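J.: Numbering that gives the first Met the number 0 applies: residue 0 is where the sequence shown begins, and numbers increase by one. Note that the Cβ used here is the ideal one computed from N, Cα and C, for glycine as well. Nothing here was measured: the structure is a model prediction, and the numbers come from that model.
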Amino acid sequence: MNVFPRAGRATVLAIAAAFFLVTAACQPPEGSDVPEDVAEGEDGTADEGSGDGACEIAGIDSIQIGGLGALSGAHADYGAQMEMGAEMAADEINEQGGMLGCEVEIRFMDSELDPEVAIGNARNLVGEWGAEFLVGVDSSGVALALAPVMDELDRVLVVTHAATEKLNEEEIYANDHRNVFRMSVPVYQDAVVAALIVAEMPEITRIANIGADYEYGRTAWAMFQETLSQYRDDVEFVAEAWAPFLTSDFSPHVSSVMAEEPDMVFSTPWAGEAVALIRQAQQSGAFQELEMWWQAMGASVDVLEAVTPDVQADAFEGKLWATGRYIFNWPETDTNREWVEAFQERYDRLPNYSAQTTYTAVNALHDAVEAAGSVDPADVGAELEGMIIDAPAGEFTLRAEDHQAVYPVPAGRVVYDDDWGIACVCADLQVFDTEEYYRDPPFEE
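#1: Note the first and the last residue of the continuous beta strand (DSSP E) segment covering Ile388.
#2: Report the rounded CA-to-CA distance for Glu449 versus His365, giving the unit in angstroms.
#3: Do you know offhand how far Ala121's Cα is from Tyr215's?
#4: Are the beta-carbon atoms belonging to Ala173 and Ala142 less than 7 Å from one another?
#5: Is Glu382 near Ala370, with beta carbons less than 7 Å apart?
#6: Ignore the nearest five residues each way along the sequence and tell me which others in Asn335's own chain have a CB closer than 6 Å to its CB.
#7: Measuring only the C-alpha atoms, how far is Ala258 from Glu82?
#8: Take Val379 and list the residues in its own chain whose beta-carbon comes closer than 8 Å to its own, dropping the five residues that flank it on each side.
#9: To the nearest angstrom, how far is it from the Cα of Gly58 to the Cα of Glu340?
#10: Suppose the cutoff is 7 Å on Cβ atoms and the five residues either side in sequence are ignored; what does the same chain contact list for Arg231 look like?
#11: Taking Cβ positions, are Leu124 and Ala130 nearer each other than 7 Å?
#12: How many whole angstroms separate the CB atoms of Asn208 and Glu170, which I take to be in contact at a CB cut-off of 8 Å?
#13: Does the stretch 102 to 110 come close enough to the stretch 63 to 72 to have 3 or more Cβ pairs within less than 8 Å?
#14: If you reduce the DSSP assignment to three classes, tell me which class Leu289 lands in.
#15: Determine, using beta carbons only, whether Gly84 and Ala298 come nearer to each other than 7 Å.
#16: Quick one: is Gln229 buried, meaning 16 or more other Cβ sit within 10 Å of its Cβ, or exposed?
#17: Could you tell me which of Glu86, Lys318, Trp320 sits nearest to Tyr346, measuring between CA atoms?
#18: To which residues of the same chain is Gln343 closer than 7 Å at the C-beta, ignoring the five residues directly before and after it?
#19: Have a look at Ser49 and Met98 and give me their C-alpha separation to the nearest angstrom.
#20: Using three-state DSSP, classify Gly271 as helix, strand or coil.
#21: List the endpoints of the continuous alpha helix (DSSP H) containing Thr334.
#22: Among the candidates Arg412, Leu397, Cys423, whose CA atom is the shortest distance from the CA of Gly385?
#23: Leaving out five residues before and five after Gln311 in sequence, what residues of the same chain have Cβ atoms less than 7 Å from its Cβ?
#24: Evaluate Pro409 with the Cβ neighbour count: other Cβ atoms within 10 Å of its Cβ, from every protein chain shown; 16 or more gives buried, anything less gives exposed.
#25: Identify whether Tyr437 lies in helix, strand or coil by the three-state DSSP scheme.
#26: Return the first residue and the last residue of the alpha helix (DSSP H) that Pro56 is part of.
#27: Once you ignore the five residues that flank Val179 on each side, which residues in its own chain have a CB closer than 6 Å to its CB?
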């Protein structure tokens, strides 16, 4: 039983104070229908489950799915949207009888983007609450830390945001942590897609990096340089500036790289930090000197909501490029359009990629449980391997060898769109076949 078609039917600044403003700008708008625990900021957990029917699994009344997401600070919207997507999927599944007749319950805990906290939460969700499955994870470092823990806990984890390629290429494929899957696009999207686009832009020959100073930013910049160098021998990588987690004043970073007169800046800080960075760069006059600013995950809805007034004022001079792990305006299919509409009706917001990937993960777990007739991790994992998934992001395969979802996402320029009423990645969209930019097993150099 494939539940994905139901989606269509359901039809941060120079000082600490300024950083607070940007953080606020990246929170869900006032009055939005967000999960109660996130809105009130109490214990970072929420339950969801309203299904009825006879559970076919002896000894249990419900199937619990635990969530690990960022639910506080400048990155909180990612975890909030994960929770939205998971709850939406659980409600739909429960309305149709649950998983093997068992109601589905969702509980999220705040990972704080900290591996030790996330591991503790995973142990709590499994050992105390009784979670059969885990979903979520925003941080690449957290994902890498969790992979071996899932063997110990003997539970399936579906990662729905963290992007390092080391998860699928090393931890899952090489190190054989087979309880971990990923439903979101890896840094191939951030780095290889950017390189393929810049390869066709001869006006760009000098490139600087303002990077997130941790696994995600480091690996994305390395992969971008490696890939672009295969296509262009006239490009120079002229400067690097590394921003620690929760940087609020990016002016030294902008000044140092712009002193090297780049044509392009490759940037990986995300969420409220991304908003602070690109605004400070704009205020410094950087966009007047550049051909392109690549904001790797600039298509995230929290970023787009925050920079909409800037984009309407043409503050970035049409030079801000971005991508995401899914964008709400693509693919142009009935399934995606109707799911976005249903999400908006429910939450009064557009879905971020973390909402879509987590929604898809919960549905994939449903299909795997139904096919296996069991919640046993080995049985469910076997069904997930190679699964063909029809989701708002499109139809794709969950690759058996490295447990990586393989689907394309566009990149393009950020513009204001009257129909959407928000800044979006809606101009000069470029979509590449996954064979052009995904790395494939056995991942030989």
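T.: Answer, in terms of the structure:
#1: DSSP places Ile388 inside the beta strand (DSSP E), whose first and last residues are 387 to 390.
#2: Residue 449 lies beyond the stretch modelled for the chain, which goes from 0 to 444, so this question has no answer here.
#3: C-alpha separation (whole angstroms): 22 Å.
#4: Not a contact, by the Cβ cut-off of 7 Å.
#5: For Glu382 and Ala370, yes; Cβs fall inside 7 Å.
#6: Answer for Asn335: Pro391, listed in chain order.
#7: Going from the Cα of Ala258 to the Cα of Glu82 covers about 42 Å.
#8: Listed in chain order, the non-local C-beta contacts of Val379 below 8 Å within the same chain comprise Phe132, Val155, Leu364, Ala367, Val368, Ala371, Ser373, local neighbours out to five positions each way being set aside.
#9: Each residue's CA atom was taken as its position, placing Gly58 and Glu340 some 38 Å apart.
#10: For Arg231, where only same-chain residues beyond five positions count, the Cβ hits under 7 Å are Ala198.
#11: In this structure, Leu124 places its C-beta atom within 7 Å of the C-beta atom of Ala130.
#12: Not really, about 25 Å apart at Cβ, beyond 8 Å.
#13: Enough Cβ pairs lie closer than 8 Å, so yes.
#14: Coil, per DSSP.
#15: Taking 7 Å as the cut-off, the Cβ atoms of Gly84 and Ala298 do not count as close.
#16: Note on Gln229: under 16 other CB atoms within 10 angstroms of its CB, so exposed under the neighbour-count rule.
#17: Minimum Cα distance to Tyr346 is reached at Glu86.
#18: Counting only residues of its own chain and dropping the five nearest sequence neighbours on each side, Gln343 has a CB closer than 7 Å to the CB of Leu349.
#19: For Ser49, the pLDDT reaches just 41, beneath the cut-off of 50, and the residue's location in the model is therefore unreliable, leaving the point undetermined.
#20: Gly271 carries a helical assignment under DSSP once its states are collapsed to helix, strand and coil.
#21: For Thr334, the enclosing alpha helix (DSSP H) covers residues 333 to 346.
#22: Taking only the C-alpha atoms, the option nearest Gly385 is Leu397.
#23: Answer for Gln311: Tyr415, listed in chain order.
#24: Counting Cβ neighbours within 10 Å, Pro409 comes out buried, since at least 16 surround it.
#25: Tyr437 falls in the coil class under three-state DSSP.
#26: One point to set straight first is that residue 56 is Ile, not Pro, in the sequence displayed. It is not in any alpha helix (DSSP H) - Ile56 carries neither H nor E in the DSSP assignment.
#27: Taken in chain order, the residues that qualify are Ala146, Met149, Leu156, Ile171.
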